[in-house]
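Be aware that the sequence shown starts at 2, since it is given in my numbering, and climbs by one per residue.
Each residue gets a CB set at the ideal place from its N, CA and C atoms; glycine is no exception.
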Amino acid sequence: FHPDTQSISYTTLSRFAPVKLLPPSSRKRVLVTGGAGFVGSHLVDRLMLLGHEVTVLDNFFTGSKTYLRHDVVEPFMIECDQIYHLACPASPPHYQFNAVKTIKTSFIGTLNMLGLAKRTKARFLISSTSEVYGDPEVHPQPEDYWGHVNPIGPRACYDEGKRVAETLTYGFHHQDGVDVRVARIFNTYVNPHDGRVVSNFIVQALRGEDMTSRPVNIGNGDEFTIGEFAELVREIVEKVQEEDGIKPARRVQIVYKPIPTDDPQKRRPDTTRAKNSLGWQPRWSVRMGLEEMVRYYKAKMAEGSM
Ligand code: NAD
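Printed below as a string of structure tokens:
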């Protein structure tokens with residue numbers, strides 16, 4: 002794929018992060034697994050705007066873009082300089098749909114991609130997750146916390162899959178010298194059908210439905226109880242509706258329901274290491290991100306795609 006062949010809005014993307022085309026000598030052959038998914042498709046857009054040659058592997062289990070159809074559980078060979086290994090269903094309804102397939106994707110898929118990285122000497126990054134901490138007993142969670150995961154609970158296929166994927170990643174690093182990176186991502190802004198707390202609340206509030214609350218805290222330094230988070234979503238949805246001249250017939254209520262099995266009680270990332278070693282810190286507050294999401298979901302509802 003070449004940047005010229007893709008229809009990407011520069012203005013939209015550059016609003017979020019400025020992108021400068023790299024000189025030809027710095028451009029890489031990059032493989033992105035799971036590149037049709039939410040995080041992957043944004044990553045692919047950015048890599049292509051930088052001028053890299055990008056190949057995307059995806060089995061379209063949850064992704065929506067049209068790229069090379071391939072299941073990472075099957076081996077794949079290509080010459081490449083970097084691998085971003087993102088392939089894995091990420092939201093509970095998706096990963097619990099076929100638990101055995103989910104853990105196979107994390108285990109065998111990661112094994113295949115690490116084998117490829119070893120053969121091609123490509124740098125390898127895996128998108129891991131805050132779920133490796135499970136329902137943590139330490140708060141906030143630094144990277145050296147080992148976690149508290151139920152190995153046979155309903156979330157285990159995802160949590161344990163990512164843990165074994167991390168183990169494999171460091172195994173290939175120590176045994177074979179593969180150059181690896183592990184990013185443990187906390188809840189991101191996501192698609193409307195994702196099924197996690199951020200999207201659920203916005204969809205429910207926009208539809209005028211009561212918000213059903215689960216105790217999951219949101220990553221980023223901004224920490225909320227689930228009740229506070231529901232209040233914030235309601236406030237933002239009301240603001241956006243009011244700006245558009247919409248007056249709902251009644252105020253949506255916040256309804257507390259029992260916690261699903263093994264749902265974490267609270268989580269907040271300790272991002273000290275990311276700040277110190279990568280100079281990374283979130284640029285968007287949760288409020289800013291939520292306002293963008295609410296407008297985006299609203300537009301999707303208006304066009305009938307939700
Ligand atoms: P997503 O479901 O939108 O994307 C995942 C992609 O992987 C989809 O396009 C899907 O079709 C593809 N896929 C799944 N199984 C596959 C297989 N066996 N072979 C090939 N492709 C396969 O999810 P996302 O939110 O974009 O998450 C991307 C990555 O980031 C995942 O590894 C996820 O575990 C990790 N992550 C995401 C979040 C988040 O909040 N979004 C948080 C922590 C970690």
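Q. Does the region 230-237 touch the region 201-212, meaning 3 or more C-beta pairs lie closer than 8 Å?
A. yes
Between the Cα of Asn188 and the Cα atoms of Arg288, Met289 and Glu132, which residue gives the shortest distance? Here residue 188 is taken as the residue at index 187 of the sequence shown, counted from 1. Of the candidates Arg288, Met289 and Glu132, the one whose C-alpha sits nearest the C-alpha of Asn188 is Glu132.
*Per the contact definition of three or more C-beta pairs closer than 8 Å, is the region 25-45 in contact with the region 75-84?*
yes
ask   = Of all the beta strand (DSSP E) runs that stay within the bounds of the region 226-260, which reach a length of 3 or more residues?
value = 255-257
Practice prompt. Using 10 angstroms around the beta-carbon of Ser107, count the other beta-carbons present and answer buried if the total reaches 16, otherwise exposed.
Written response: Looking up residue 107 in the sequence shown gives position 106. When all chains shown are included, Ser107 counts as buried.
Fill in: Counterpart residues of Gly135 in DSSP-defined beta bridges
In the sequence shown, counting from the first residue as 1, residue 135 sits at position 134. Bridge partners of Gly135: His149.
Roughly how many whole angstroms lie between the Cα atoms of Thr1 and Arg208? Because the chain in this structure spans residues 2 to 307, residue 1 falls outside the shown range and cannot be described.
Counting only the same chain and skipping the five closest in sequence on each side, list residues whose C-beta sits under 8 Å from that of Asp177.
-> By 1-based counting over the sequence shown, the position of residue 177 is 176. Taken in chain order, the residues that qualify are Lys119.
Quick check: is any heavy atom of ligand 1 less than 6 Å from the C-beta of Ile186? Here the question's residue 186 lines up with position 185 in the sequence shown. Result yes, Cβ under 6 Å from ligand 1.
In whole angstroms, what separates the C-alpha of Phe2 from that of Ile109? Taking the sequence shown and counting its residues from 1, the one referred to as residue 2 is at position 1. Taking the sequence shown and counting its residues from 1, the one referred to as residue 109 is at position 108. For Phe2, the pLDDT reaches just 29, beneath the cut-off of 50, and the residue's location in the model is therefore unreliable, although a value from the coordinates is still provided. Straight-line Cα distance between these residues: approximately 27 Å.
Verify the contact flag: Asp59, CB atom, against every heavy atom of ligand 1, threshold strictly below 6 Å.
Position 58 of the sequence shown, counted from the first residue, corresponds to residue 59. Asp59: yes, Cβ under 6 Å from ligand 1.
Q: May I ask you to report which of helix, strand or coil DSSP gives Ile127?
A: Within the sequence shown, numbered from 1, the residue matching residue 127 stands at position 126. Ile127: strand per DSSP, three-state reduction.
Using the three-state DSSP reduction, which class does Ile104 fall into: helix, strand or coil? Within the sequence shown, the letter at position 103 stands for residue 104. DSSP places Ile104 in helix when its eight states are reduced to three.
- Query: Are three or more beta carbon pairs between the region 150-159 and the region 235-245 nearer than 8 Å?
  - Reply: no
How close, in whole Å, do the beta carbons of Val55 and Leu48 come, if the pair is a contact with beta carbons under 8 Å? Here residue 55 corresponds to residue number 54 of the sequence shown, with the count starting at 1. Here residue 48 corresponds to residue number 47 of the sequence shown, with the count starting at 1. Val55 to Leu48, Cβ: 5 Å. Contact.
* Whole-angstrom C-beta distance between Asp263 and Gly162, which should lie under 8 Å -> As a working note, residue 162 is residue 161 in the sequence shown. As a working note, residue 263 is residue 262 in the sequence shown. At roughly 15 Å, the Cβ-Cβ gap does not stay under 8 Å, so Gly162 and Asp263 are not in contact.
| To the nearest whole angstrom, what separates the beta carbons of Phe61 and Pro90, a pair I think is in contact under 8 Å? | As a working mapping, residue 61 is identified with position 60 in the sequence shown. As a working mapping, residue 90 is identified with position 89 in the sequence shown. That belief does not hold up - the Cβ atoms of Phe61 and Pro90 are roughly 11 Å apart, past 8 Å.
Legend entry - Straight-line Cα distance separating Lys299 from Lys102: Start at 1 with the first residue of the sequence shown, and residue 102 comes out as number 101. Start at 1 with the first residue of the sequence shown, and residue 299 comes out as number 298. About 33 Å.
Discussion item. What does DSSP give as the partner residue(s) for Ser214 in the beta ladder?
Written reply: Start at 1 with the first residue of the sequence shown, and residue 214 comes out as number 213. Ser214 is bridged to Tyr257.
Item to complete: Compute the Euclidean distance between the alpha carbons of Tyr297 and Ala206, then round it to the nearest angstrom.
Response: In the sequence shown, residue 297 corresponds to position 296, counting from 1. In the sequence shown, residue 206 corresponds to position 205, counting from 1. Looking at the two C-alpha atoms, the distance is approximately 14 Å.
Margin query: Tell me which residue opens and which closes the beta strand (DSSP E) that Thr34 is part of.
Written below: Position 33 of the sequence shown, counting from 1, holds the residue named residue 34. Judged by DSSP secondary structure, Thr34 falls within the beta strand (DSSP E) whose first and last residues are Arg30 to Thr34.
Review point. Identify the residues that DSSP records as bridge partners of Glu54: which are they?
Key: Counting from 1 along the sequence shown, the entry for residue 54 is found at position 53. DSSP, once it has assigned bridges, lists Arg30 as partnering Glu54.
Any idea if Thr130 is buried or exposed, counting beta-carbon neighbours within 10 angstroms, 16 or more meaning buried?
For the purposes of this step, residue 130 is taken as the residue at position 129 of the sequence shown. Its Cβ being crowded by 16 or more others within 10 Å, Thr130 is buried.
- Message: Any heavy atom of ligand 1 closer than 6 Å to the beta-carbon of Pro90?
- Response: Sequence index remark: in the sequence shown, residue 90 carries index 89 (1-based). Yes, the Cβ of Pro90 comes within 6 Å of a heavy atom of ligand 1.
- If we count the other Cβ atoms within 10 Å of its Cβ and call it buried at 16 or more, is Asp180 buried or exposed? The residue you call residue 180 lines up with position 179 of the sequence shown. Classification for Asp180: exposed.
> For Asp263, which three-state DSSP category applies?
Replying inline: If you number the sequence shown from 1, residue 263 lands on position 262. In the structure shown, Asp263 sits in coil (DSSP, three-state: anything other than H, G, I, E or B).
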